[in-house]
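Trainee:
Numbering (our numbering), first residue to last: 361 to 665.
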């Protein structure tokens with residue numbers, strides 16, 4: 361049987377010509393600046409340094425993991441986590457769970473037995489902070505793309521955010537690298553003694569777990585760890601746990617030992633150009649521009665000075 365477009369009817373020939381023209385056009389997108397181009401051309405004012413008092417350094421055998429905390433969205437948990445860190449709660453504990461395409465979790469391997477490390481100078485559990493009032497967030501910049509998990513999405517001071525104007529609530533989204541607080545069934549059963557970083561699709565956890573920040577640097581140190589063989593990716597032998605040498609607040613680290621990272625400001629024209637470059641990539645490699653950008657696919661540029 362001959363291909364449909366070889367039939368010699370005038371209307372079909374015209375239709376085939378249009379299809380061919382459309383395909384040719386799809387293959388000939390004009391070049392556009394890439395995200396890398398825009399970042400390279402950015403100005404110093406397009407960037408902001410991390411605040412040392414809201415930055416954590418987690419030291420693993422493979423290197424340093426830098427976490428930026430988000431007190432706007434979880435003020436009580438951020439305050440409590442810093443108290444835990446300053447009481448050296450995490451020093452000598454471990455990464456205890458790596459579930460493929462899901463999360464990396466760290467805390468006390470003995471939290472459920474009589475060898476559990478006592479919590480001093482902080483609280484073990486807190487009232488959940490799944491959402492906060494929209495009025496608390498003064499840095500939100502809306503992303504125009506539709507989203508299946510929130511009525512509005514965008515970024516706030518370098519963090520991916522969802523919000524619902526009907527309820528007046530906003531929250532941090534479970535994108536790759538975001539850091540959340542482990543809990544049990546009770547919504548108020550977490551406090552920061554057990555933390556995790558997202559390494560897979562997890563947006564359905566939005567508004568069900570308190571999210572406290574995101575990993576700025578060091579995700580390979582977490583995402584490349586061996587997957588746990590036990591259910592939910594837990595390590596089932598003590599020797600599998602990945603030791604945490606220490607976790608410190610950057611403000612408590614001597615300046616010459618700090619990491620110096622900057623995050624692109626997400627409320628300016630340069631960042632809007634970054635999002636558009638990701639949403640509508642130009643040629644020659646790209647043949648069809650997506651015209652859409654998922655919140656968790658929106659790059660948030662970070663650079664080390």
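Just so it is clear, CB atoms sit at the ideal spot from N, CA and C, and this is done for glycine as well.
Kindly give me the distance between the Cβ atoms of residue 554 and residue 467, rounded to whole angstroms, as I take these residues to be in contact under 8 Å.
Mentor: Translated into positions along the chain shown, residue 554 becomes position 194. Translated into positions along the chain shown, residue 467 becomes position 107. That belief holds up - the Cβ atoms of residue 554 and residue 467 are roughly 4 Å apart, short of 8 Å.
Trainee: Return the chain-ordered ranges of every alpha helix (DSSP H) run that is complete within the region 540-565 and spans a minimum of 4 residues.
Mentor: You should have found no qualifying run.
Trainee: Sort out for me which residues DSSP pairs residue 407 with in a bridge.
Mentor: Walking along the chain shown from the start, residue 407 turns up at place 47. 624, per the DSSP bridge assignment.
Trainee: Tell me where the alpha helix (DSSP H) around residue 631 begins and ends.
Mentor: Numbered from its first residue, the chain shown carries residue 631 at position 271. Counting along the chain, the alpha helix (DSSP H) containing residue 631 begins and ends at 629-639.
Trainee: Less than 8 Å between the CB atoms is what I'm expecting for residue 444 and residue 552, so what's the real figure, rounded?
Mentor: Taking the chain shown and counting its residues from 1, one reaches residue 444 at position 84. Taking the chain shown and counting its residues from 1, one reaches residue 552 at position 192. Sure, about 6 Å apart at Cβ, within 8 Å.
Trainee: By how many angstroms is the C-alpha of residue 482 removed from the C-alpha of residue 440?
Mentor: One-based indexing of the chain shown puts residue 440 at position 80. One-based indexing of the chain shown puts residue 482 at position 122. The alpha-carbon atoms of residue 440 and residue 482 are separated by roughly 6 Å.
Trainee: Using the C-alpha atoms, what's the distance from residue 638 back to residue 658?
Mentor: For the purposes of this step, residue 658 is taken as residue 298 along the chain shown, with counting starting at 1. For the purposes of this step, residue 638 is taken as residue 278 along the chain shown, with counting starting at 1. Their Cα atoms are separated by approximately 7 Å.
Trainee: Does DSSP put residue 668 in a helix, a strand or coil?
Mentor: Residue 668 lies beyond the stretch modelled for the chain, which goes from 361 to 665, so this question has no answer here.
Trainee: Using DSSP's beta-bridge definition, name the partner residues of residue 524.
Mentor: Sequence index remark: in the chain shown, residue 524 carries index 164 (1-based). Note: residue 524 sits in a beta bridge opposite 529.
Trainee: Are the Cβ atoms of residue 556 and residue 573 separated by less than 7 Å?
Mentor: Indexing the chain shown from 1 puts residue 556 at position 196. Indexing the chain shown from 1 puts residue 573 at position 213. No, they are not a contact pair.
Trainee: Let me know the secondary structure DSSP gives residue 607 once reduced to three states.
Mentor: Mapped onto the chain shown, residue 607 falls at position 247. Three-state DSSP puts residue 607 in a strand.
Trainee: Would you grab the beta carbon distance between residue 489 and residue 564 for me? Rounded to a whole angstrom, and I think it's under 8 Å.
Mentor: Mapped onto the chain shown, residue 489 falls at position 129. Mapped onto the chain shown, residue 564 falls at position 204. With 8 Å as the limit, residue 489 and residue 564 do not qualify as a contact, their Cβ atoms being about 18 Å apart.
Trainee: Quick one: Cα of residue 627 to Cα of residue 501, how far?
Mentor: As a position in the chain shown, residue 627 is number 267, starting the count at 1. As a position in the chain shown, residue 501 is number 141, starting the count at 1. Roughly 6 Å between the two C-alpha positions.
Trainee: If you draw a straight line from the C-alpha of residue 412 to the C-alpha of residue 608, how long is it?
Mentor: Sequence index remark: in the chain shown, residue 412 carries index 52 (1-based). Sequence index remark: in the chain shown, residue 608 carries index 248 (1-based). Looking at the two C-alpha atoms, the distance is approximately 10 Å.
Trainee: Please go through the same chain and pick out, in chain order, the residues whose beta-carbon is closer than 8 Å to the beta-carbon of residue 391, but skip the five residues on each side of it.
Mentor: Mapped onto the chain shown, residue 391 falls at position 31. Here the set comprises 642, 643 and 644.
Trainee: Any idea which residues DSSP pairs residue 427 with across the strands?
Mentor: In the chain shown, the residue the question calls residue 427 occupies position 67. DSSP output for residue 427 lists 416 and 575 as bridge partner(s).
Trainee: So is residue 525 buried or exposed if we call it buried at 16+ other beta carbons inside 10 Å?
Mentor: Here residue 525 refers to the residue found at position 165 when the chain shown is read from its first residue. Looking at its Cβ environment, which holds fewer than 16 other Cβ atoms inside 10 Å, residue 525 is exposed.
Trainee: Using only CA atoms, which one of 407, 534, 416 and 402 lies nearest to residue 462?
Mentor: Counting from 1 along the chain shown, the entry for residue 462 is found at position 102. For residue 462, the nearest C-alpha among the options comes from 534.
Trainee: Looking at the secondary structure, which residues open and close the beta strand (DSSP E) in which residue 454 lies?
Mentor: To locate residue 454, count along the chain shown from 1; it is residue 94. From DSSP, the beta strand (DSSP E) with residue 454 extends over 454-459.
Trainee: Check each candidate in 512, 454 and 416 and name the one with the smallest Cα separation from residue 470.
Mentor: Within the chain shown, the letter at position 110 stands for residue 470. With distances taken between Cα atoms, residue 470 lies closest to 454.
Trainee: Is residue 506 helix, strand or coil when you go by DSSP?
Mentor: Counting from one through the chain shown, the residue named residue 506 turns up at place 146. It is coil, neither helix nor strand.
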